[in-house]
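Heads up, the thing below is written out as structure tokens.
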Amino acid sequence: MDDLTLSETGLPPAHSGRILLIACGALAHEILALKAANGWTHLDLQCLPAKLHLWPEKIIPAVEEAVSAARGAYETVFVVYADCGTGGLLKAACDRLGVEMVEGPHCYAFFEGNATFAARADEEFDAFYLTDFLVRQFDAFVWKPMGLDRHPQLRDMYFGNYRKLVYQAQKDDPALDAKAEDCARRLGLEYERRFTGYGDLAVTLARVAG
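Residue numbering for the sequence shown follows the working numbering, beginning at 4 and increasing consecutively.
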């Protein structure tokens with residue numbers, strides 16, 4: 004399972020287990036690691052393409068379709084997305100469908116811990132965040148979609164009001180740390196590495212797993 008596949012097509016369910024997690028492809032590695040570490044063999048995982056984050060309005064119909072397709076095949080379906088730029092519409096869709104979802108505005112918040120992230124909001128309004136997945140896929144999700152590969156002069160327009168890049172590390176990996184620092188350099192931002200581990204994601208999945 005590579006990041007390109009997770010970005011473009013996602014991950015199909017194995018059709019085993021009694022609880023289905025419908026998640027963003029950007030969270031696949033973390034969810035699978037938590038499953039393995041905790042022996043959650045009763046959890047099945049389906050990932051939608053991570054690239055949906057480039058068009059948040061597409062997340063809602065994709066989740067609706069996946070939930071509908073899973074009806075009757077699992078005891079429980081849980082959506083492993085936060086709001087993710089949908090302006091509350093994903094939560095409304097999940098309520099209509101009768102399924103729960105991860106709390107929080109985005110993965111940066113639940114990796115850090117929603118309460119901790121909210122407490123820092125006033126002092127970190129000028130921070131740009133990256134997770135492990137986004138560090139690995141920086142060019143595909145940041146550099147190229149913003150046109151910075153073709154028009155580097157746009158950097159100041161997009162990032163002129165940011166002060167620092169915060170790398171929220173889910174695991175200790177010196178190679179990812181070096182790449183994240185290079186991302187900060189390319190954006191002209193200060194660099195801060197902050198080890199978060201899995202944050203509220205681990206707590207939430209433990210509750211879902213029972």
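Cβ atoms here follow ideal geometry from the backbone N, Cα and C, with glycine treated the same way.
Discussion item. How far does the beta strand (DSSP E) with Tyr132 in it extend, from its first residue to its last?
Written reply: Locating residue 132 in the sequence shown gives position 129, counting from the first residue. According to the DSSP assignment, Tyr132 belongs to the beta strand (DSSP E) that extends over 130-133.
Worksheet entry | CB of Gln140 within 9 Å of CB of Ser10, strictly | To locate residue 140, count along the sequence shown from 1; it is residue 137. To locate residue 10, count along the sequence shown from 1; it is residue 7. Yes, the Cβ-Cβ distance between Gln140 and Ser10 is below 9 Å.
Practice prompt. For Asn164, count neighbouring C-beta atoms within 10 Å of its own C-beta (all shown protein chains included) and say buried if the count is 16 or more, exposed if not.
Written response: Here residue 164 is taken as the residue at index 161 of the sequence shown, counted from 1. With fewer than 16 Cβ atoms within 10 Å of its Cβ, Asn164 is classed as exposed.
Worksheet entry | Secondary structure of Val66, DSSP reduced to three states | Here the question's residue 66 lines up with position 63 in the sequence shown. Val66: helix per DSSP, three-state reduction.
Discussion item. Please list the terminal residues of the continuous alpha helix (DSSP H) segment that includes Arg189.
Written reply: Position 186 of the sequence shown holds residue 189. Start and end: 177-190.
Discussion item. Using a Cβ distance threshold of 8 Å, determine whether the stretch 200-212 contacts the stretch 112-119, with at least three qualifying pairs required.
Written reply: A contact is defined here as three or more CB-CB pairs under 8 Å, and the stretch 200-212 meets this definition with respect to the stretch 112-119.
Item to complete: Please go through the same chain and pick out, in chain order, the residues whose beta-carbon is closer than 8 Å to the beta-carbon of Arg188, but skip the five residues on each side of it.
Response: Mapped onto the sequence shown, residue 188 falls at position 185. Excluding residues within five positions, the ones whose Cβ falls inside 8 Å are Tyr194.
Practice prompt. Output the residue ranges of the alpha helix (DSSP H) runs that lie fully inside the stretch 130-169 and measure 4 residues or longer, sorted by chain position.
Written response: You should have 135-139, 158-162.
Item to complete: Compare the C-alpha of Leu179 against each of Ala76, Phe136, Leu100 and name the closest.
Response: Here residue 179 corresponds to residue number 176 of the sequence shown, with the count starting at 1. Closest in alpha carbon position to Leu179, among Ala76, Phe136, Leu100, is Phe136.
Discussion item. So for Val211, helix, strand or coil by DSSP?
Written reply: In the sequence shown, counting from the first residue as 1, residue 211 sits at position 208. Helix.
Discussion item. Mapping the DSSP letters down to three states, classify Asp217 as helix, strand or coil.
Written reply: Given that the chain is displayed from residue 4 to residue 213, the structure contains no residue 217 and the question cannot be resolved.
Worksheet item: Considering only residues of the same chain and omitting the five flanking positions on each side of Glu67, which have a CB-CB separation below 7 Å?
Response: The residue given as residue 67 occupies position 64 in the sequence shown. Short of 7 Å from the beta carbon of Glu67, and not among the five residues preceding or following it, lie these beta carbons of its own chain, in chain order: Ala96, Leu100.
Discussion item. Tell me the residue span of the alpha helix (DSSP H) that contains Cys87.
Written reply: Residue mapping note: residue 87 aligns to position 84 of the sequence shown, counting from 1. Boundaries for Cys87: no alpha helix (DSSP H) harbours it, and the DSSP string shows neither H nor E there.
Worksheet item: For Val206, which of helix, strand or coil comes out of DSSP?
Response: Within the sequence shown, numbered from 1, the residue matching residue 206 stands at position 203. In the three-state scheme derived from DSSP, where H, G and I count as helix and E and B as strand, Val206 is classed as helix.
Worksheet item: Which parts of the stretch 22-56 are runs of the alpha helix (DSSP H), unbroken and 4 residues or longer, counting only runs that do not cross its ends?
Response: When DSSP assignments are scanned along the stretch 22-56, the uninterrupted stretches of alpha helix (DSSP H) that are 4 or more residues long and fall wholly within it turn out to be 31-41.
Worksheet entry | Proximity winner among Val102, Pro155, Pro148, Phe131, relative to Leu168 (alpha-carbon distances) | By one-based count along the sequence shown, residue 168 stands at place 165. Per the Cα distances, Phe131.
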